[in-house]
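Structure, as structure tokens:
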Amino acid sequence: MTLTDLTTKDWHARAGKLRYETRHFIDGRYADSADGARFSVVNPGTGKPLCEVSAGGQPEINLAVAAAKKSFASRVWSRKAPRDRAAVLQQFARLIEANAERFALLDTLCMGKPIRDMLTIDIPAAALNFTFFAELIDKIDGAVTATASDAFHYILREPLGVVGSIVPWNYPLLMASWKVGPALAAGNSVILKPAEQSPLSGLLMAELFVEAGGPAGVFNVVNGLGESAGAALALHMDVAKIGFTGSTEIGKQMLIYAGQSNMKRVSLECGGKTPQIFLADTPDLDVAVGYAINGIFGNMGEVCNAGSRLLLDKSIANEFLERFIAKGKTAYTAGDPLDPATNLGPLVTASHRSRVMNYIGKGKSEGAKLEFGGTQPEMAGSFVNPTLFSGVNNRMTIAREEIFGPVASAIVVDGLEEALSIANDTIYGLAAAVWTRDLSVAHKTIRDLEAGVIWVNCFDHGDMTQPFGGYKQSGQGRDKCLESLLSYTQTKSAWIHLG
Ligand code: NAD
Numbered sequence: 001m002t003l004t005d006l007t008t009k010d011w012h013a014r015a016g017k018l019r020y021e022t023r024h025f026i027d028g029r030y031a032d033s034a035d036g037a038r039f040s041v042v043n044p045g046t047g048k049p050l051c052e053v054s055a056g057g058q059p060e061i062n063l064a065v066a067a068a069k070k071s072f073a074s075r076v077w078s079r080k081a082p083r084d085r086a087a088v089l090q091q092f093a094r095l096i097e098a099n100a101e102r103f104a105l106l107d108t109l110c111m112g113k114p115i116r117d118m119l120t121i122d123i124p125a126a127a128l129n130f131t132f133f134a135e136l137i138d139k140i141d142g143a144v145t146a147t148a149s150d151a152f153h154y155i156l157r158e159p160l161g162v163v164g165s166i167v168p169w170n171y172p173l174l175m176a177s178w179k180v181g182p183a184l185a186a187g188n189s190v191i192l193k194p195a196e197q198s199p200l201s202g203l204l205m206a207e208l209f210v211e212a213g214g215p216a217g218v219f220n221v222v223n224g225l226g227e228s229a230g231a232a233l234a235l236h237m238d239v240a241k242i243g244f245t246g247s248t249e250i251g252k253q254m255l256i257y258a259g260q261s262n263m264k265r266v267s268l269e270c271g272g273k274t275p276q277i278f279l280a281d282t283p284d285l286d287v288a289v290g291y292a293i294n295g296i297f298g299n300m301g302e303v304c305n306a307g308s309r310l311l312l313d314k315s316i317a318n319e320f321l322e323r324f325i326a327k328g329k330t331a332y333t334a335g336d337p338l339d340p341a342t343n344l345g346p347l348v349t350a351s352h353r354s355r356v357m358n359y360i361g362k363g364k365s366e367g368a369k370l371e372f373g374g375t376q377p378e379m380a381g382s383f384v385n386p387t388l389f390s391g392v393n394n395r396m397t398i399a400r401e402e403i404f405g406p407v408a409s410a411i412v413v414d415g416l417e418e419a420l421s422i423a424n425d426t427i428y429g430l431a432a433a434v435w436t437r438d439l440s441v442a443h444k445t446i447r448d449l450e451a452g453v454i455w456v457n458c459f460d461h462g463d464m465t466q467p468f469g470g471y472k473q474s475g476q477g478r479d480k481c482l483e484s485l486l487s488y489t490q491t492k493s494a495w496i497h498l499g
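Per the working numbering, residue 1 is the first one in the sequence shown, and the count goes up by one each step.
As structure tokens, this is what we get:
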């Protein structure tokens, strides 16, 4: 799908005709909650109610886990020939592409992402994710170890069983894909619990998995609130692993749930406060400024690795800021997320907008200089204008806490050592970037930065082969890569006596 195709479409008309499911998807069928409970989803672009979705709790999680357990025990997926399992996932990827318009509308209507981003970023990346893991399935092997001549020892890799995926709302389809893809590829049966703000695209995913040839019960979706459906899943005694993406606070809760239940494995992809270091020899200031703008204002700043802290060497700080202000003030303009020209949608909810505005207030009251933004555009929906603070120091709240909105903080530093110490002075460690012409400095900085993903002279570049995950309180899992697939397997050691 090209942008030219997009601009010819009337997305409001398409939204009006869109039909979608709002019930859970359990054992290959749609089903309401036992007590008929529902929760409301509001379209953040208009502030108006969008739909009512089945609200799951313990009974629905029990049903979904039982279906997943039954499908796993039947071996219909877990022992399917690797190439046949890969073929289903390849077909699943094609169906995601074929249903791009539906996915684009579902996520845009729920969480306000510009529809062009859905079509050009989220959906191609989600399809690629399933292709990548499909291609890996028959490349996983075990090992034969060295033994004395009276023994033969080999190590098998097997799926874990029933896996729970708990995901956030900022890239609903894509974050679900990063969890569900490797879990399914490894042969597990899955229960996805989408975020309550964006519950619809997960349902379509599960339906398309069955259409692609996936057996019923292997991919289930239960919607509901975190503290009910999410907690019931994470506490379930028959769930072998929780793959979680979300806030650091709830990530820690996942570890508690594991300890309170069955010591299930937990992989965590959590928050961030990404530093981008721009050294005196930043190669091309215009290019760097462009990346800095996109790195914090793209997806409304609702990105775990958003480049929210700009660490500017004092020798280039003024020029950098002048260019950032000149370009950044107008690069992202709030608009109707269903308009393909829009590049800045609303924040996910009105309450999240209040949270972000509260941070902007703190920035001002703690003495940072508001260079632009800090306001809400006069339109319906939960919009916040792109915002830049200069004169920030790393003790200020806006430099320490994850804002998850379009708010950049510029901090002036005196050379690499100070930049490194400020960059690492955070509880987070998801990603970081450094801009320099000096190869030795780049390599040294890569080693010294405490983050799981480092970019040099670029930002947010990557591929499916790139492990994506954090150091420190940004988590302890890795998405996207071979390591992610292996984390949904366990090893079995077989010792055979030959005597
Ligand atoms: P969140 O932690 O509030 O919710 C994430 C998921 O957990 C949702 O499905 C929610 O329903 C569920 N949940 C909430 N409370 C729960 C509980 N008590 N028990 C069980 N489940 C519960 O996060 P969010 O607001 O949806 O997403 C934003 C956060 O996600 C940000 O911190 C962001 O940095 C992070 N994130 C991280 C990555 C990454 O790869 N590191 C990617 C995207 C988002």
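Where a beta carbon is used, it is the ideal one built from N, C-alpha and C, also for glycine.
As the structure is a computational prediction, the values presented were derived from the model and not from experiment.
| query | result |
| --- | --- |
| Once you ignore the five residues that flank I115 on each side, which residues in its own chain have a CB closer than 8 angstroms to its CB? | L6, W11, A104, L105, T108, P337, L338, D339, P340, T342 |
| Spell out the partners DSSP gives A494 in its beta bridges. | Y154 |
| Say yes only if the C-beta of T245 is nearer than 7 angstroms to one or more non-hydrogen atoms of ligand 1, and no if none qualify. | yes |
| Would DSSP call C110 helix, strand or coil? | helix |
| To which residues of the same chain is S201 closer than 6 angstroms at the C-beta, ignoring the five residues directly before and after it? | F103, L106, D107, P172, L173 |
| Following a CB-centred definition, is W455 positioned closer than 7 angstroms to any heavy atom of ligand 1? | no |
| Identify the residues that DSSP records as bridge partners of C51: which are they? | V41 |
| Taking the alpha-carbon of T248 as reference, which of R94, K472, S261 has the nearest alpha-carbon? | K472 |
| Starting from N318, follow the alpha helix (DSSP H) in both directions and report where the run begins and ends. | 317 to 331 |
| Using a 10 Å radius around the Cβ and a threshold of 16 neighbouring Cβ atoms, would you call I250 buried or exposed? | buried |
| Pick helix, strand or coil for Y30, following the three-state DSSP scheme. | strand |
| With a cut-off of 8 angstroms on the beta carbons, I'd call V384 and V356 a contact; round off their distance for me. | 5 angstroms |
| Could you give the distance in angstroms between the alpha-carbon of Q58 and the alpha-carbon of F244? | 19 angstroms |
| Among M175, E158, Q260, I403, whose alpha-carbon lies nearest the alpha-carbon of K480? | M175 |
| Could you give the DSSP three-state label for K193: helix, strand or coil? | strand |
| Please confirm whether any heavy atom of ligand 1 lies closer than 7 angstroms to the CB of Q476. | no |
| Please classify V266: does DSSP put it in a helix, a strand, or coil? | strand |
| Starting from G164, follow its DSSP beta bridges and name the residues at the other end. | I191, I242 |
| Measuring CB to CB, does A68 end up less than 8 angstroms from G217? | yes |
| Taking 8 angstroms as the threshold, find out whether the region 191 to 205 comes into contact with the region 127 to 135 through three or more Cβ pairs. | no |
| Quick one: what's got a C-beta closer than 6 angstroms to K139's C-beta in the same chain, skipping five residues either side? | none |
| Considering only the alpha carbon of each residue, which of P199, S440, A433 lies closest to H461? | A433 |
| Measuring from the CB of L430, is there a heavy atom of ligand 1 at a distance below 7 angstroms? | yes |
| Assuming V287 and F324 form a contact by the criterion Cβ under 8 angstroms, report the distance between their Cβ atoms to the nearest whole angstrom. | That pair is no contact at about 13 angstroms. |
| How about V190 and S165: do their beta carbons lie closer than 8 angstroms? | yes |
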